[in-house]
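Structure first, then comments.
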Amino acid sequence: MSRWSGPFVIKEVFPHGAVELLDPGGGNQSFKVNGQRLKPYKGGELVRHKAAFLLHDPP
């Protein structure tokens with residue numbers, strides 16, 4: 001499995017653009033990457049919240 005597969009948690013962002021990532025499923029394993037190479041994770045299930053808004057005409 002690639003180190004770049006799956007969602008990661010951002011542990012620390014450094015001023016020079018590097019980002020330290022933490023693998024939530026791999027214990028305390030973390031590694032630094034170039035922050036410009038990061039992309040939003042779009043795999044797996046997303047938790048979606050639903051809300052209902054009732055609109056009424058003013059009296």
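With the UniProt record's numbering, you'll find the sequence shown wraps up at 59, consecutive numbering, no jumps. Backbone N, C-alpha and C fix where the C-beta goes; we use that ideal spot for every residue, glycine too.
Residues near residue i by beta carbon distance below 6 Å, same chain, minus five either side
i	result
residue 25	none
residue 20	11, 12, 30 and 32
residue 9	22 and 24
Which listed residue (the options) has its alpha carbon closest to that of residue i
i	options	result
residue 17	28, 33 and 8	33
residue 31	55, 43, 22 and 39	22
residue 15	9, 35 and 57	35
Close-in-space but distant-in-sequence residues of the same chain around residue i (CB under 8 Å, 5 per side omitted)
i	result
residue 7	24, 41, 43 and 44
residue 56	none
Which residues DSSP lists as bridging residue i, in chain order
i	result
residue 21	10 and 31
Cβ-based neighbour list, residue i, same chain, cut-off 7 Å, excluding 5 preceding and 5 following
i	result
residue 38	19
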